[in-house]
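To start, the structure under review is shown below, and the notes come after it.
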Amino acid sequence: MKRLNLTPLALTLLLATVACGKVQEKASEKVAEAAIESAMKQQGAKDAHVDLSTGGVKTTVTDKDGKQQTLELNTAQITEADLGLPFYPGTKPAEGAANRMTNDQGVAMTLNLVTKDALDKVVAFYDPQIKKAAAGKQLVESSGPTEHMWMVAPDNGKEYGGFTVQAQRSGDSTEIQIMATHAKK
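Here this note's numbering runs 4 ahead of the position in the sequence shown, where the first position is 1.
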């Protein structure tokens with residue numbers, strides 16, 4: 005068996021070649037961030053910061069009136085406490101499927117979960133919890149052979165304080181999407 009001897013020069017060239025790809029990737033990321041920030045400023049944003057390094061998009065924008073908005077696409081870290089509803093047992097947020105938008109009025113979130121359990125089992129888990137959380141609010145519920153949806157809106161006509169849970173059977177999995185809004189406290 006032949007043994008490969010890497011001289012310091014060969015090792016340096018190898019590392020430089022690998023690093024060059026990373027540098028080029030980072031440079032492309034920075035160009036994309038700058039282009040998005042520029043477009044946002046042209047749309048009236050006073051200040052815009054975009055971060056693509058997480059594999060998703062995180063952007064903070066200050067509008068011409070000084071109001072700030074933060075948007076996290078695909079990589080938001082959302083907990084059960086944030087949503088106000090539990091995750092279905094045995095699930096965790098699907099990779100790349102958690103979003104959050106925060107502004108001076110509140111927060112809006114979407115989160116996707118996936119389970120191998122049947123739709124009726126997911127409905128049996130969420131139904132009593134949603135009905136309890138909907139006390140004093142407007143509840144709309146609909147179902148079909150492969151999906152079930154609950155929509156809860158605040159009774160006071162406000163934009164924030166509601167949520168939607170949709171469970172849909174897809175192949176051998178049940179996909180659960182939770183969308184929730186909460187007013188700023």
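We put the beta carbon where it would ideally sit given N, CA and C, even for glycine.
Everything numeric in this text was worked out from a predicted model, so none of it was measured.
Contact annotation, T66 with Y92: C-beta distance approximately 37 Å; criterion of less than 8 Å not satisfied. In summary, D121 is buried, with 16 or more beta-carbon neighbours lying within 10 Å of its beta-carbon over all protein chains present.
Note on the segment 59-99: whole beta strand (DSSP E) runs with a minimum of 3 residues are 61-67 and 72-77, in chain order. Here the alpha carbon of D108 sits roughly 27 Å from the alpha carbon of Q170. Counting only residues of its own chain and dropping the five nearest sequence neighbours on each side, V111 has a CB closer than 6 Å to the CB of H186. In the structure shown, A128 falls within a helical segment according to DSSP collapsed to helix, strand and coil. The residue among E151, L123 and A157 with its C-alpha nearest the C-alpha of K135 is A157. In the three-state reduction of the DSSP assignment, Q170 falls in the strand class. Beta-bridge annotation (DSSP): T185 is paired with A112. In the three-state reduction of the DSSP assignment, K45 falls in the helix class, which pools H, G and I. With contacts defined as CB atoms closer than 8 Å, I182 and L89 qualify as a contacting pair. Under the DSSP assignment, T106 falls in the beta strand (DSSP E) whose first and last residues are A102 to T106. Within the same chain, and ignoring the five residues on either side of T114 in sequence, the residues whose Cβ sits closer than 6 Å to its Cβ are N103 and M183. In this structure, E76 places its C-beta atom within 8 Å of the C-beta atom of G60.
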